[in-house]
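Numbering (the numbering used here), first residue to last: 571 to 1039. Note that CB positions come from ideal geometry on N, CA and C, so glycine has one too. Working notes, structure below.
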């Protein structure tokens, strides 16, 4: 009952921890982690059943004692079967704890590596607001004029460094996809799914995405006849050939490649880098994105201040156009990494819980062994054994259990973490640093749990030990 109650309190705390990871943004994002009392009731009943089942065997054994054996000295020593069973449970706890801690460590390392990609971007200083004048009857031409005036007004605001428009937020999982054809000089490549974004001139500068070759879009690019690809697309599609001047085809429209941009992390995952295309914001490709656009503003102003200024400017253009989803670029990144952060937090909590259970298990088993071998320890010390000899005797027995658990945990984790490759960014599924760090942590905690009862054994008084039982 006490274990079930403790588990319930732990579930409430974990629930609050996971909810705290959700970014505080105005998005229709529902993270329903409410406790289901039916599930909690079933878990509580399962905890009772577990207690009964695991307590039944020793209770049955205690109810049918062998009087002859009980009166002999051999009763002080536990049976080999019982010892092996206890050790097996502790080994399983250590192995499971190792697996969970490795998974948590890999996710945390992947998140850390992913965040490093945005150091130069300074995402907290990029604010975004979404607009879609289609809802009040705007066509592409009117929408273009609205966005042109909005960009001019936003650039003129005090404290604004740069502004641009995009159909999606490239960094953090945004953008769209469609089919393209690469018209190389030697052959054509059909690409059924290619990620792309529609952007205005200056978008790369606003997002601090470096242009490696060629030029950026300009105000003169009013037709969809040009495109910029990222370095991944250049490497995969053209393999070292001259890229500038090559052509892409979508439907009946051709795009001349005028620039190569560095890769922006469209997705924080372990999958192979995907090619990306930037197309200029032009009315004639409205079928690809409609009238919905996201204004990007790089500014040092606080979020509430810049959003209020933008509301005033939009109100002067058309009071009916509503601002949607005001968010910083950092919020988009947090949303993109939310699944990884939730899994990392959950795996971390479960791993630490497993670590605690493993430490308690080791402490309990070694303490029991010390109690059972008190008479033997007294004889050894009476015959001249030193405290360090007794300490080594007990630690060796504990180390055999710890080593078995770590070995099994290492093998299981090595095989299991390969399934997480698609969720990891910049980190190998068998990252030596993570595996080594977890092994060192688990070994340290396990040795401490083993050392405490072993140290107690060195303080046994031989005279008292010889009278034990």
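| message | With a threshold of 8 Å, are at least 3 pairs of Cβ atoms found where one atom belongs to the stretch 664-680 and the other to the stretch 991-1009? | response | yes
Three or more beta-carbon pairs under 8 Å between the stretch 815-832 and the stretch 656-663, yes or no?
-> no
CA nearest to the CA of residue 719, picked from 827, 999, 885, 869
Start at 1 with the first residue of the chain shown, and residue 719 comes out as number 149. Nearest of 827, 999, 885, 869 to residue 719, Cα basis: 885.
Quiz item: Hey, residue 724 and residue 867 are a contact pair by Cβ (cut 8 Å); roughly how many whole angstroms apart?
Solution: Within the chain shown, residue 724 is the residue found at index 154, counting from 1. Within the chain shown, residue 867 is the residue found at index 297, counting from 1. Correct: roughly 6 Å between the Cβ atoms.
Where do the N-terminal and C-terminal ends of the beta strand (DSSP E) with residue 734 fall, by residue?
As a working mapping, residue 734 is identified with position 164 in the chain shown. Start and end: 730-736.
* To do: Kindly indicate the opening and closing residues of the alpha helix (DSSP H) around residue 773.
  => Position 203 of the chain shown, counted from the first residue, corresponds to residue 773. Counting along the chain, the alpha helix (DSSP H) containing residue 773 begins and ends at 773-776.
Just the Cα atoms here: how many angstroms apart are residue 775 and residue 714?
-> As a working note, residue 775 is residue 205 in the chain shown. As a working note, residue 714 is residue 144 in the chain shown. Roughly 21 Å separates the two Cα atoms.
Straight-line CA distance for residue 861 to residue 749? Your numbering for residue 861 matches position 291 in the chain shown. Your numbering for residue 749 matches position 179 in the chain shown. About 20 Å.
*With a cut-off of 8 Å, do at least 3 Cβ pairs link the stretch 727-737 to the stretch 921-935?*
no
> If you draw a straight line from the C-alpha of residue 865 to the C-alpha of residue 980, how long is it?
Replying inline: Mapped onto the chain shown, residue 865 falls at position 295. Mapped onto the chain shown, residue 980 falls at position 410. Answer to the nearest angstrom: the Cα atoms are 49 Å apart.
Could you spell out where the beta strand (DSSP E) holding residue 784 opens and where it closes?
-> For the purposes of this step, residue 784 is taken as residue 214 along the chain shown, with counting starting at 1. Here the beta strand (DSSP E) through residue 784 covers 781-784.
**Asked** In or out: residue 582 buried (at least 16 other Cβ within 10 Å) or exposed?
**Response** Translated into positions along the chain shown, residue 582 becomes position 12. So residue 582 ends up on the exposed side.
- Check whether the Cβ atoms of residue 848 and residue 798 sit closer than 7 Å, and answer yes or no. One-based indexing of the chain shown puts residue 848 at position 278. One-based indexing of the chain shown puts residue 798 at position 228. Contact: yes.
Anticipated Cβ contact below 8 Å, residue 684 with residue 918, distance rounded:
Here residue 684 is taken as the residue at index 114 of the chain shown, counted from 1. Here residue 918 is taken as the residue at index 348 of the chain shown, counted from 1. That pair is no contact at about 17 Å.
Based on Cα-Cα distance, which residue from 936, 954, 1021 lies nearest to residue 657?
-> Position 87 of the chain shown, counted from the start, is the residue given in the question as residue 657. Nearest option by C-alpha distance: 936.
What distance in whole Å lies between the Cβ atoms of residue 729 and residue 871, which are believed to be in contact at a cut-off of 8 Å? For this step, residue 871 is matched to residue 301 along the chain shown. For this step, residue 729 is matched to residue 159 along the chain shown. Confirmed, Cβ separation roughly 4 Å.
Tell whether a beta-carbon distance below 7 Å holds between residue 880 and residue 699. In the chain shown, the residue the question calls residue 880 occupies position 310. In the chain shown, the residue the question calls residue 699 occupies position 129. A contact, by the Cβ cut-off of 7 Å.
Check: Cβ atoms of residue 994 and residue 676: under 7 Å apart, would you say?
Finding: Here residue 676 refers to the residue found at position 106 of the chain shown. Here residue 994 refers to the residue found at position 424 of the chain shown. Yes, the Cβ-Cβ distance between residue 676 and residue 994 is below 7 Å.
* Asked: Along the chain, which unbroken stretches of the alpha helix (DSSP H) at least 4 residues long are found entirely within the stretch 946-1005?
  -> 957-986
Through-space distance from residue 911 to residue 966, alpha-carbon basis:
Along the chain shown, one-based indexing puts residue 966 at 396. Along the chain shown, one-based indexing puts residue 911 at 341. So the two alpha carbons sit approximately 39 Å from each other.
Which same chain residues, not among the five before or five after residue 844, have their C-beta less than 6 Å away from its C-beta? Residue numbering aside, residue 844 sits at position 274 when the chain shown is read from its first letter. Hits under 6 Å: 765.
Contact check, residue 891 vs residue 771, beta carbons under 7 Å: As a first step, residue 891 must be located in the chain shown, where it is residue number 321. As a first step, residue 771 must be located in the chain shown, where it is residue number 201. Not a contact, by the Cβ cut-off of 7 Å.
Cβ of residue 1027 within 7 Å of Cβ of residue 964?
-> Locating residue 1027 in the chain shown gives position 457, counting from the first residue. Locating residue 964 in the chain shown gives position 394, counting from the first residue. Yes.
Exercise. Assuming residue 898 and residue 697 form a contact by the criterion Cβ under 8 Å, report the distance between their Cβ atoms to the nearest whole angstrom.
Key: Counted from its first residue, the chain shown places residue 898 at position 328. Counted from its first residue, the chain shown places residue 697 at position 127. That belief holds up - the Cβ atoms of residue 898 and residue 697 are roughly 5 Å apart, short of 8 Å.
Assumed close pair residue 846, residue 811 - CB separation to whole angstroms, cut-off 8 Å: Position 276 of the chain shown holds residue 846. Position 241 of the chain shown holds residue 811. About 19 Å; that fails the 8 Å criterion.
*Residue range of the beta strand (DSSP E) that residue 797 falls in?*
Within the chain shown, the letter at position 227 stands for residue 797. Here the beta strand (DSSP E) through residue 797 covers 796-800.
Report task. Return yes when the Cβ of residue 819 is within less than 7 Å of the Cβ of residue 722, no when it is not. Result -> Counting from one through the chain shown, the residue named residue 722 turns up at place 152. Counting from one through the chain shown, the residue named residue 819 turns up at place 249. In this structure, residue 819 does not lie closer than 7 Å to residue 722 by Cβ.
query = Using the beta-carbon count (16 or more within 10 Å), is residue 807 buried or exposed?
reply = The count along the chain shown starts at 1 and reaches residue 807 at position 237. By the 10 Å Cβ count, residue 807 comes out buried.
Problem set entry | Nearest-angstrom Cα separation, counted from residue 903 out to residue 875 | Here residue 875 refers to the residue found at position 305 of the chain shown. Here residue 903 refers to the residue found at position 333 of the chain shown. Taking the straight line joining both Cα atoms gives about 22 Å.
When you compare only the Cα positions, how much space is there between residue 1024 and residue 779?
-> The sequence position of residue 1024 within the chain shown is 454, counting from 1. The sequence position of residue 779 within the chain shown is 209, counting from 1. Going from the Cα of residue 1024 to the Cα of residue 779 covers about 60 Å.
Checklist entry - Would you say residue 817 and residue 753 are within 7 Å of each other, going by their C-beta atoms? => result Working through the chain shown from its first residue, we reach residue 817 at position 247. Working through the chain shown from its first residue, we reach residue 753 at position 183. Cβ atoms of residue 817 and residue 753: closer than 7 Å.
Review point. When burial is assigned at 16 or more other CB atoms within 10 Å of the CB, is residue 941 buried or exposed?
Key: Walking along the chain shown from the start, residue 941 turns up at place 371. Classification of residue 941: exposed, given that the 10 Å Cβ count is below 16.
Starting from residue 761 and walking both ways along the beta strand (DSSP E), at which residues does that stretch end? Sequence index remark: in the chain shown, residue 761 carries index 191 (1-based). Per DSSP, residue 761 belongs to the beta strand (DSSP E) from 758-769.
Margin query: Checking 7 Å against the spacing of the C-beta atoms, do residue 792 and residue 828 come in under that value?
Written below: Sequence index remark: in the chain shown, residue 792 carries index 222 (1-based). Sequence index remark: in the chain shown, residue 828 carries index 258 (1-based). For residue 792 and residue 828, no; Cβs fall outside 7 Å.
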